[in-house]
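According to the numbering used here, numbering within the sequence shown proceeds without interruption in unit steps and concludes at 1527.
Every residue gets a Cβ at the ideal spot worked out from N, C-alpha and C, and that includes glycine.
None of these values were measured; they are calculated from a predicted model.
Note sheet for the following structure.
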Amino acid sequence: MQNYRVFTIENGTVIDHIPAGLGVKLISILNAMSGESIVTMGARLPSKKLGKKDILKIENRELTPDEINQICLIAPKASINLIRKNEVYKKLRVVMPSSLHKIVRCPNAKCITNHEATDTKFNLLEGKEKYFACHYCEKQFTPGELAEKILA
Ligand SMILES: [Zn+2]
């Protein structure tokens, strides 16, 4: 085992198994820097699952289901632990949601949702590969494509 130091937190959220290089992106999506919370990130740590991984710790903040849905678009293999009083209070599985409401913009420039004040909605399609279809223009996108369009 590699010898590296990881900060521990008393209360908050730990997001582990983020693909290496995407930790910074998650920080911005979660707006983690806006509050009072201490945010620590480990980058390019060795991982059996991913080769290299990033890990993110946000003190005194527990993520909402919407935020967890955003994470799964970027880091579908992430594991999320809620920490209370130095202990893992809850382990959350990141599951691809069956639909996304108001979380991402439609990548199709011609889609009505990009021209009228309409909430966006995407539905996960059945099948081995993960695709979401826009409820309005019906175009299909991968989670990675939608991750580029996450609403701040
Ligand atoms: Zn659309």
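Query	Result
Which same chain residues, not among the five before or five after Met-1471, have their C-beta less than 8 Å away from its C-beta?	Cys-1447, Pro-1451, Leu-1499, Lys-1505 and Pro-1518
Quick one: grab the DSSP three-state call for Val-1399.	helix
Could you tell me whether any non-hydrogen atom of ligand 1 is closer than 8 Å to the CB of Lys-1514?	yes
According to DSSP, is Pro-1472 part of a helix, a strand, or is it coil?	coil
Between Ile-1402 and Phe-1507, what straight-line distance do the alpha-carbon atoms span, to the nearest angstrom?	24 Å
Assuming Glu-1434 and Ser-1454 form a contact by the criterion Cβ under 8 Å, report the distance between their Cβ atoms to the nearest whole angstrom.	Contact flag wrong, Cβ pair sits at about 18 Å.
Measuring CB to CB, does Cys-1512 end up less than 9 Å from Lys-1485?	yes
What are the boundary residues of the alpha helix (DSSP H) that includes Asp-1441?	1440-1449
Given a threshold of 16 other Cβ atoms within 10 Å of its Cβ, counted over all protein chains shown, does Val-1399 qualify as buried or as exposed?	exposed
For Thr-1415, which of helix, strand or coil comes out of DSSP?	strand
Quick one: does the C-beta of Asn-1444 sit closer than 8 Å to a heavy atom of ligand 1?	no
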